[in-house]
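J.:
In the UniProt record's numbering, the protein residues as written are 1 to 679.
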């Protein structure tokens with residue numbers, strides 16, 4: 001086609017003007033582009049959700065504003081007089097046909113579902129232009145542009161038959177290229193149409209692993225978006241903490257699905273462009289980050305090599321090689337290992353002494369931790385607070401550089417009875433924040449040589465600074481940083497504690513270093529007072545209540561096949577005083593019953609076969625395991641009990657310590673009494 005090239009993918013047609021002096025589509029290419037857009041138009045009957053059965057929280061105010069803006073343009077009774085209305089309403093920005101819809105980070109799927117419900121409400125058809133379906137030219141992102149003139153032509157042709165809503169998803173990434181090439185979007189639109197550009201706030205514009213970071217440099221300038229979309233609507237978040245927590249959880253899940261979708265499309269395009277294929281590529285969801293072009297190249301290369309080594313096929317000259325899902329999964333695992341090793345190698349080059357070198361094995365990459373907030377049932381209030389205290393400061397340090405008060409916390413303590421998820425919370429924080437996790441145990445920093453303990457402590461913080469953002473995690477912190485006045489404590493141990501506190505929060509501490517000390521303990525009352533002071537936020541992770549136990553059970557049993565009689569609410573009410581760990585043990589015990597039944601049945605069948613002189617029947621497989629029933633869970637409940645009584649002395653001591661020192665507690669409450677935590 002000379003200087004122009006039409007790039008066609010499975011779901012979308014994207015024009016890439018190779019000659020940047022001209023952004024006009026050839027006639028044949030223009031028609032192909034228009035046909036591709038028309039194929040993506042959804043009728044109202046194809047849309048599942050409505051505004052009344054919306055699957056997310058929807059603010060009444062947001063719903064009211066959307067309906068009031070759309071009504072003059074979508075109501076069929078007003079269409080005959082729409083020309084007069086357009087002229088009358090042209091000067092009212094709040095009723096303009098071009099709307100910029102803004103929402104929090106991760107709300108791309110939320111916004112798409114909302115506009116689908118809006119279209120169904122008015123019986124309008126919907127055209128979605130999705131930036132994730134646009135192949136990205138990473139070498140020349142500046143030349144990519146959507147054929148806006150062709151889009152307007154499609155709108156004018158389709159509006160004849162019925163009303164139409166056009167959704168430009170991630171509008172700043174969809175409208176790339178020269179701003180003047182999109183001028184027709186700002187012109188007068190025909191009656192009966194709405195053009196809605198969806199926009200999401202970004203957690204961290206400097207984070208190269210965030211969704212859309214590849215297109216960051218090519219992102220459409222916001223000032224031009226404001227000119228094209230003068231009517232602005234923001235999605236209101238719920239004020240209720242429970243609703244807000246549930247919405248954030250759904251948005252995090254949606255963001256992961258969106259990254260998986262983007263990575264799947266990127267892998268599919270890479271393979272297709274090279275004459276390769278992959279079976280069941282959708283079975284390889286990569287949700288933790290967005291893959292770069294180089295990472296896709298490495299993953300496919302490793303997977304292809306693995307495929308050839310395993311199968312050793314006779315490949316004909318014109319045959320298409322199809323990779324198995326196993327091969328590509330191998331390539332992706334190799335990629336993760338390479339990334340982890342390259343990060344460790346970079347740190348190895350920075351270590352200054354043997355003490356730092358010995359601690360390198362204690363550093364865990366966030367991608368290798370494997371625990372997220374979604375893996376933790378309940379504790380929603382704690383998770384929301386941790387997001388504000390830890391994740392935002394680690395991801396967005398520029399927001400905490402102004403003034404003296406906006407300093408990120410240097411230490412957070414989790415305390416409570418055993419088995420309630422304190423260590424899991426610490427791991428999830430590291431994963432969600434993208435911080436390296438440095439797991440410090442006493443065996444890592446103690447030595448038989450005098451003075452080495454202090455040197456190891458110094459190495460912990462110097463290494464954490466070099467690996468920042470990083471989280472230094474101390475499990476069972478009371479064993480390491482207990483009271484220094486304890487009789488019989490060795491002088492070397494006391495010196496090591498002093499060294500730890502000096503480097504943690506002393507004269508040489510730099511607040512700009514994104515290093516956080518996270519600790520967990522079952523005995524906070526054994527901690528040194530100076531250590532308690534260095535944990536400005538202290539969260540009690542208590543035994544779950546009935547509703548929290550139900551959430552935990554749902555999470556534990558989410559991947560299990562359950563019988564129809566399983567009632568998790570009833571089971572949650574039976575397990576008062578159980579921790580999350582106790583509930584998991586209960587479910588594990590219940591899951592053993594169907595296995596025991598199969599083994600017992602096999603033994604009985606084999607015994608009968610031997611008696612009757614028949615060949616022994618074959619062993620059964622996993623497909624013969626029956627679903628888990630309520631009786632299994634009840635019997636497991638009868639065989640086990642909570643690992644800690646809610647009336648025990650330890651539990652009473654934890655509650656009292658929480659009242660004095662915990663988050664929201666007040667020392668003044670109990671000053672009149674001389675408390676003993678061991679009474």
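Beta carbons are placed, not taken as given, at the ideal position from N, Cα and C, and that holds for glycine.
Since this is a predicted model, take the numbers as computed values, not measurements.
Residue 266 and residue 300 - do their beta-carbons sit closer together than 8 Å?
T.: Mapped onto the chain shown, residue 300 falls at position 300. Mapped onto the chain shown, residue 266 falls at position 266. Going by C-beta atoms, residue 300 is not nearer than 8 Å to residue 266.
J.: Any idea what DSSP makes of residue 650, helix, strand or coil?
T.: Taking the chain shown and counting its residues from 1, one reaches residue 650 at position 650. In the structure shown, residue 650 sits in a helix (DSSP, three-state: H, G or I).
J.: In three-state terms, what does DSSP make of residue 281?
T.: Counting from one through the chain shown, the residue named residue 281 turns up at place 281. The answer is helix: DSSP assigns residue 281 an H, G or I state.
J.: In whole angstroms, what is the alpha-carbon distance linking residue 112 and residue 191?
T.: Your numbering for residue 112 matches position 112 in the chain shown. Your numbering for residue 191 matches position 191 in the chain shown. Distance between the alpha carbons of residue 112 and residue 191 is about 23 Å.
J.: Taking its Cβ as the centre, do 16 or more other Cβ atoms sit within 10 Å of residue 469, making it buried, or is it exposed?
T.: The residue labelled residue 469 in the question sits at position 469 within the chain shown. Flag for residue 469 reads buried.
J.: Pull up the distance between the alpha-carbon of residue 474 and that of residue 413, whole angstroms please.
T.: Taking the chain shown and counting its residues from 1, one reaches residue 474 at position 474. Taking the chain shown and counting its residues from 1, one reaches residue 413 at position 413. Between residue 474 and residue 413, the C-alpha separation is close to 9 Å.
J.: Alpha carbon to alpha carbon, how far is residue 153 from residue 22? Give it in angstroms, no decimals.
T.: For the purposes of this step, residue 22 is identified with residue 22 of the chain shown, where counting begins at 1. For the purposes of this step, residue 153 is identified with residue 153 of the chain shown, where counting begins at 1. For residue 22, the predicted model reports a pLDDT of 41, less than 50, meaning its position is unreliable; a value from the coordinates is still stated below. Looking at the two C-alpha atoms, the distance is approximately 19 Å.
J.: On the CB-based measure, 16 or more other CB atoms within 10 Å of its CB, does residue 25 come out buried or exposed?
T.: Stepping through the chain shown from its first residue, residue 25 is reached at position 25. Interpretation of residue 25 is limited by its pLDDT of 48, a score under 50 that renders its predicted location unreliable; the figure taken from the coordinates is listed afterwards. Under this definition residue 25 is a buried residue.
J.: Compare the Cα-Cα distances from residue 535 to each of 527, 381, 566 and report the closest residue.
T.: Taking the first residue of the chain shown as position 1, residue 535 is located at position 535. Looking at the Cα atoms, 527 is the closest of the given residues.
J.: Can you check whether the CB of residue 572 is closer than 8 Å to the CB of residue 596?
T.: Looking up residue 596 in the chain shown gives position 596. Looking up residue 572 in the chain shown gives position 572. The answer is no: Cβ separation not under 8 Å.
J.: Taking its Cβ as the centre, do 16 or more other Cβ atoms sit within 10 Å of residue 160, making it buried, or is it exposed?
T.: Along the chain shown, one-based indexing puts residue 160 at 160. That one is exposed.
J.: So who's on the other strand from residue 540, going by DSSP bridges?
T.: Working through the chain shown from its first residue, we reach residue 540 at position 540. According to DSSP, which records beta bridges pairwise, residue 540 is partnered with 415.
J.: Can you find at least 3 beta carbon pairs, one from the region 413-422 and one from the region 437-455, that sit closer than 8 Å?
T.: With a cut-off of 8 Å, the region 437-455 and the region 413-422 do not count as touching, because too few Cβ pairs lie within range.
J.: Count the other CB atoms, across all protein chains shown, that sit within 10 Å of the CB of residue 368; report buried if there are 16 or more and exposed otherwise.
T.: If you number the chain shown from 1, residue 368 lands on position 368. It is exposed - the Cβ of residue 368 has fewer than 16 other Cβ atoms within 10 Å.
J.: Considering Cα atoms alone, identify which of 260, 168, 384, 372 is closest to residue 243.
T.: Residue mapping note: residue 243 aligns to position 243 of the chain shown, counting from 1. Considering only alpha carbons, the answer is 384.
J.: For residue 364, which three-state DSSP category applies?
T.: Looking up residue 364 in the chain shown gives position 364. In this structure, residue 364 counts as strand in the three-state DSSP scheme.
J.: State the beta-bridge partners of residue 200 as determined by DSSP.
T.: Residue mapping note: residue 200 aligns to position 200 of the chain shown, counting from 1. Looking at the DSSP assignment, residue 200 forms a beta bridge with 103.
J.: Consult DSSP for residue 163 and reduce its assignment to one of helix, strand or coil.
T.: Numbered from its first residue, the chain shown carries residue 163 at position 163. Correct three-state label for residue 163: coil.
J.: Does the separation of the CB atoms of residue 566 and residue 516 fall below 8 Å?
T.: For the purposes of this step, residue 566 is taken as the residue at position 566 of the chain shown. For the purposes of this step, residue 516 is taken as the residue at position 516 of the chain shown. Contact flag unset, no.
J.: Which residues bound the alpha helix (DSSP H) around residue 272?
T.: Here the question's residue 272 lines up with position 272 in the chain shown. Note, residue 272: alpha helix (DSSP H), 241-273.
J.: Roughly how many angstroms separate the alpha carbons of residue 157 and residue 570, rounded to a whole number?
T.: Numbered from its first residue, the chain shown carries residue 157 at position 157. Numbered from its first residue, the chain shown carries residue 570 at position 570. Near 58 Å, if we compare the C-alpha coordinates of residue 570 and residue 157.
J.: Specify, as a first and last residue, the run of the beta strand (DSSP E) that residue 440 falls within.
T.: Locating residue 440 in the chain shown gives position 440, where the first residue counts as 1. Segment 436-440, the beta strand (DSSP E) holding residue 440.
J.: Note down, in chain order, each residue of its chain lying with its Cβ closer than 6 Å to the Cβ of residue 355, except the 5 sequence neighbours on either side.
T.: In the chain shown, the residue the question calls residue 355 occupies position 355. The residues are 455, 456, 459.
J.: Less than 8 Å between C-beta atoms, sequence neighbours within five positions excluded: which residues of the same chain meet that for residue 381?
T.: Residue numbering aside, residue 381 sits at position 381 when the chain shown is read from its first letter. Once the five neighbours on either side are set aside, the close Cβ partners of residue 381 are 241, 245.
J.: Going by CA-CA distance only, name the one from 165, 228, 150, 648 that's closest to residue 187.
T.: In the chain shown, counting from the first residue as 1, residue 187 sits at position 187. Closest by alpha carbon: 228.
J.: Which full runs of the beta strand (DSSP E) of 3+ residues lie inside the region 516-595, going along the chain?
T.: Runs found: 537-540.
J.: Measuring only the C-alpha atoms, how far is residue 61 from residue 69?
T.: Taking the first residue of the chain shown as position 1, residue 61 is located at position 61. Taking the first residue of the chain shown as position 1, residue 69 is located at position 69. Going from the Cα of residue 61 to the Cα of residue 69 covers about 12 Å.
J.: Could you give the first and the last residue of the continuous alpha helix (DSSP H) run that contains residue 65?
T.: Working through the chain shown from its first residue, we reach residue 65 at position 65. That run of the alpha helix (DSSP H) goes 60-74.
J.: Of the residues 352, 118, 606, which one's Cα is nearest the Cα of residue 462?
T.: Residue numbering aside, residue 462 sits at position 462 when the chain shown is read from its first letter. The option with the nearest alpha carbon to residue 462 is 352.
J.: Which of helix, strand or coil does DSSP assign to residue 329?
T.: Start at 1 with the first residue of the chain shown, and residue 329 comes out as number 329. Residue 329 falls in the helix class under three-state DSSP.
J.: When burial is assigned at 16 or more other CB atoms within 10 Å of the CB, is residue 402 buried or exposed?
T.: One-based indexing of the chain shown puts residue 402 at position 402. That one is exposed.
J.: Check whether the Cβ atoms of residue 199 and residue 102 lie closer than 8 Å to each other.
T.: Along the chain shown, read from residue 1 onward, the residue named residue 199 stands at position 199. Along the chain shown, read from residue 1 onward, the residue named residue 102 stands at position 102. Yes, the Cβ-Cβ distance between residue 199 and residue 102 is below 8 Å.
J.: Could you check how far apart the C-beta atoms of residue 51 and residue 117 are, in whole angstroms? I think they sit under 8 Å.
T.: Counting from one through the chain shown, the residue named residue 51 turns up at place 51. Counting from one through the chain shown, the residue named residue 117 turns up at place 117. About 5 Å separates the two Cβ atoms, so the contact holds.
J.: Using the Cα positions of residue 568 and residue 601, report the straight-line distance between them to the nearest angstrom.
T.: Your numbering for residue 568 matches position 568 in the chain shown. Your numbering for residue 601 matches position 601 in the chain shown. For residue 568 and residue 601, the distance between alpha carbons rounds to 29 Å.
J.: Nearest CA to the CA of residue 325: which residue from 364, 363, 374, 271?
T.: For the purposes of this step, residue 325 is taken as the residue at position 325 of the chain shown. If we check each option's Cα against that of residue 325, 271 comes out closest.
J.: Per DSSP, what kind of secondary structure is residue 125 in: helix, strand or coil?
T.: Numbered from 1 along the chain shown, position 125 holds the residue referred to as residue 125. It is a strand residue.
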